[in-house]
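Q: Have a look at the structure that comes next, please.
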Amino acid sequence: MPRLEHDHSPQAIARRLAEGPRVSYVRDWVYGAIDGAVTTFAIVAGAIGAELSPRVVIILGVANLLADGFSMAAANYSGTQAEREGYARLREMEARHVAEAPDGEREEIRQIYAARGFEGRSLRDIVRLVTAREKTWIDTMMLEEHGMSPVQRSPWRAAAVTMLAFVLAGSLPLLPFALALPRAAEIAALATGLTFFLVGSVKSRWSVRSWWASGLETFLVGMTAASVAYVVGAVLGGLG
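Per our numbering, residue 4 is the first one in the sequence shown, and the count goes up by one each step.
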């Protein structure tokens, strides 16, 4: 028998429900890590293709880490904040509709559950129960009509997680050059490829895909981006 993810005793259920749903920032972490590794190694690969010095590679890479990392964090902050503001606007609208046109909103609830196969007395009971409490009524409309969950992510945390993941993953392609290791380019490529694979493998924990398939997909996407940058750098470098 497979192991269940959490305890289903009455006490455990009550405690879990009292704590409320957990807000996940996995998307921000994966997004930042993959983009950090991709863009930084793309710059490194392009600089190597153009036969630039290790010092220039480090300067370009660090500049990318700080500038692009901050840009991504700021964009994620703005996007997450826009989502929160959009949710608040729609919730205010639904609250106004419930207050001013309750019969129409009640009909929407009826049609929502009728489309799910409820009918007769069961349908009438569901409509009555859902519309008995204003918060439950509005929560239901937000989720069923607009597809928006009441669980809201923090813009600041989303931005911080993105920035941290970007810098950590993006630093790996630069380490061989910063440490002046022999064959730094080859080591950077191996380290970055491993980073892609590990990020994709960890990502599979929150999906139904196998760890190796998710890791391989991320590896191929990242290395393809780096290969394109290398070819562009080599071509442009040859023009000089």
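Beta carbons are placed, not taken as given, at the ideal position from N, Cα and C, and that holds for glycine.
By the 10 Å Cβ neighbour count, where 16 or more other Cβ atoms means buried, how is residue 227 classified, buried or exposed?
A: The residue in question, residue 227, is exposed, as its Cβ has fewer than 16 Cβ neighbours within 10 Å.
Q: Here's the rule I'm using: 16 or more other beta-carbon atoms within 10 Å means buried, otherwise exposed. How should residue 31 be labelled?
A: Classification of residue 31: buried, given that the 10 Å Cβ count is 16 or more.
Q: With a threshold of 6 angstroms on Cβ separation, who are the neighbours of residue 162 within its own chain once the five nearest residues in sequence on each side are excluded?
A: Only 76, 79, 80 meet the Cβ criterion.
Q: Using a 10 Å radius around the Cβ and a threshold of 16 neighbouring Cβ atoms, would you call residue 202 buried or exposed?
A: Buried, since its Cβ has 16 or more Cβ neighbours within 10 Å.
Q: Do the region 138–153 and the region 106–121 touch if we need at least three Cβ pairs shorter than 8 angstroms?
A: At 8 angstroms Cβ cutoff, the stretches touch.
Q: Which two residues bound the contiguous alpha helix (DSSP H) that contains residue 88?
A: Its alpha helix (DSSP H) spans residues 57–103.
Q: Taking 8 angstroms as the cut-off, decide whether the C-beta atoms of residue 72 and residue 199 are in contact.
A: Against a cut-off of 8 angstroms, the Cβ pair of residue 199 and residue 72 comes out as no contact.
Q: Should residue 176 be labelled buried (16 or more other beta-carbon atoms within 10 Å of its own) or exposed?
A: So residue 176 counts as buried.
Q: Quick check on residue 105: buried or exposed, where buried means 16 or more other Cβ atoms within 10 Å of its Cβ?
A: Burial call: exposed.
Q: What would DSSP say about residue 182, mapped onto helix, strand or coil?
A: Coil at residue 182, not helix or strand.
Q: Does the separation of the CB atoms of residue 48 and residue 229 fall below 8 angstroms?
A: The answer is yes: Cβ separation under 8 angstroms.
Q: Could you pull out every unbroken alpha helix (DSSP H) segment of at least 4 residues lying fully inside the region 145–191, listed in chain order?
A: The qualifying runs are 158–174, 178–181.
Q: Would you kindly report the start and end of the unbroken alpha helix (DSSP H) that includes residue 121?
A: Neither: residue 121 is in no alpha helix (DSSP H) and is coded neither H nor E.
Q: In the DSSP assignment, the alpha helix (DSSP H) including residue 32 goes from what residue to what residue?
A: 29–52 is the extent of the alpha helix (DSSP H) around residue 32.
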